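All residue numbers for the sequence shown refer to the numbering used here, where the first residue is 15 and numbers rise by one. Where is the CB? At the ideal position from N, CA and C, for every residue including glycine. Keep in mind the model is a prediction, meaning the values are calculated, not measured. Written below as structure tokens is the structure these notes are about.
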Amino acid sequence: MKSCASIPLARVRGKWFFLGTFAFSCFLFWWLPSVLFRMAVHLPDAVENETIWISLIALTLWVAGYLLPIPAVRPGETSEPLFDACREFAYNAACLIFLPALIIAVVLLYSHSAVAYGSADPIPRPFQAVLYTHLFFGFMYLGAADPLKQGWRRVLTVVVLVTLPRLIESLHGGRFFLAQAVVPAVLIAVARGWIRFSMKRLLQFAAMALIIIFVPPLTRGDQVIGQDESVQFFAAGSTLKLFQDNTDLDLTGRCQPLLVSMTAKTIPYDLLGVCVLDFAGLKNMPATAGRIITVNEPGTLNGTVAGSGSNYLIELYLFGGLTAVFAGSALFGFSCRRFVGWIGKCSLFSGIWAECLTRALLSPRGEMGYAFERIPSLVLTTCVVVLIVWAGRLLRCEYASCPPCIPISEGML
């Protein structure tokens with residue numbers, strides 16, 4: 015049977031699904047608090063009309079960039095045995111790392127439940143390495159999975175294995191821990207045509223979104239039930255006022271936050287001692303916009319890992335004013351559309367683009383660079399995995415009677 019990586023796409027699926035999801039994210043983090051203040055409880059809204067109009071124009075230009083025509087996705091020549099071997103390696107790695115990841119998630123839940131949300135110590139780097147490596151191999155497999163050839167059992171197994179540690183971790187932590195596992199899997203499933211839309215399916219997605227939004231806050235004791243509590247809950251997540259209040263953020267002696275967030279996982283700022291600050295008890299952290307705001311404003315959870323949050327509009331405005339906000343939004347939308355096209359292809363790299371899209375959905379409450387910062391390291395790591403698998407096959411061919419190995423240069427990506 016022909017490898018799924020060699021099968022061309024009839025069309026790009028999931029284009030409208032992601033567009034609608036991003037628009038919903040903007041509504042949730044930007045405009046919902048203003049709607050509640052102005053129409054539900056009839057209280058003064060701190061967000062000015064001008065700020066709302068800027069955000070509306072930014073989203074409109076994001077949509078315009080997103081809907082620009084892009085070239086069709088064409089599969090390259092694929093070494094099917096090597097591709098299948100890499101997919102098998104990713105599946106085995108995800109299964110093997112599941113138990114350590116699960117134990118770490120339970121340990122983190124136990125330790126974090128004893129302190130207030132945001133006041134717990136940062137997750138130790140070895141724990142982060144295990145959790146993220148598990149996520150990496152899980153989505154490498156899902157991006158390369160071929161249910162028509164292998165059946166659905168493995169796909170569902172990996173989804174459960176990837177989601178469970180993140181679900182446990184999110185019960186007294188941030189929602190992103192759970193979203194980081196669920197959303198990429200959903201995006202891949204939609205783009206590959208594994209999920210067909212219906213009213214029932216839309217209701218299931220809505221229920222999933224409500225679980226991600228409300229379950230972690232409820233388990234950590236946040237008050238979200240009741241009219242006043244709900245208004246305050248959503249108002250606390252608004253980032254338009256954050257944008258409005260920080261367009262004149264003092265960057266004296268600081269690097270451009272947009273450039274820092276874009277390269278935070280590529281350039282070792284902590285070792286170089288540049289573009290860094292001390293944040294929540296951590297030394298030499300990359301000086302992103304959210305961290306600068308948190309340090310500058312003691313009232314925004316300074317001293318906690320949670321921080322004030324951010325807004326990708328802040329980064330763009332500080333980089334080049336409204337021109338950068340509008341042009342950057344259009345370019346951001348175009349980039350997201352490319353990612354949506356790429357995750358529809360059966361590829362070892364599809365999981366990377368799905369994670370970028372997940373992070374893009376959080377950019378109305380975070381940095382735009384957060385969606386792109388891991389691309390170089392993840393692409394390099396994937397290439398290293400391919401090289402290791404190829405070398406292992408080559409060694410086996412040297413010491414066993416088997417057909418000549420297909421050179422890696424023929425391509426399998």
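Burial state of Gln218 is exposed, judged by a 10 Å Cβ sphere holding fewer than 16 other Cβ atoms. Using a 10 angstroms sphere on the CB of Leu265, the tally of other CB atoms stays under 16, which defines it as exposed.
Counting along the chain, Pro198 sits inside the alpha helix (DSSP H) bounded by residues 189-205. Between the alpha carbons of Gly287 and Phe293 lies a distance of about 14 Å.
Taking Tyr155 as reference, the option from Leu371, Pro198, Leu181, Trp76 with the minimal CA-CA separation is Pro198. Per DSSP, the beta-bridge partners of Leu291 are Met299.
Between Ile209 and the set Asp98, Trp166, Phe346, the nearest pair of CA atoms involves Trp166. Thr253 places its beta carbon less than 7 Å from that of Phe43. Assignment of Leu181 by DSSP, reduced to helix, strand and coil, places it in the helix class. Three or more Cβ pairs closer than 8 Å define a contact, and the region 114-123 meets that threshold against the region 165-180. Approximately 13 Å separates the beta-carbon atoms of Leu149 and Val174; this is outside 8 Å, ruling out the contact. In this structure, the alpha-carbon of Leu392 lies about 25 Å from that of Leu291. Within the same chain, and ignoring the five residues on either side of Ala78 in sequence, the residues whose Cβ sits closer than 8 Å to its Cβ are Ala344, Gly347. Separation of the CB atoms of Val403 and Phe103 is rounded to 5 Å, and the pair is thereby assigned contact status at 8 Å. Counting C-beta pairs with one atom in each stretch, the region 59-69 and the region 32-47 have three or more that are closer than 8 Å, which means they touch.
Less than 7 Å separates the beta-carbon of Leu256 from that of Asn325. Ile68: member of the alpha helix (DSSP H) spanning 63-80, first to last residue. In the DSSP assignment, Pro378 falls outside any alpha helix (DSSP H), carrying neither H nor E. Shown here for Ala99: same chain residues with a beta carbon closer than 7 Å to its own, the five before and five after excluded, namely Val403, Arg407 in chain order. For Ser39, the secondary structure class from DSSP, reduced to helix, strand or coil, is helix.
With a 10 Å radius around the Cβ and a threshold of 16 neighbouring Cβ atoms, Gln142 comes out exposed.
The DSSP-derived three-state label of His56 is coil. The DSSP-derived three-state label of Leu263 is coil.
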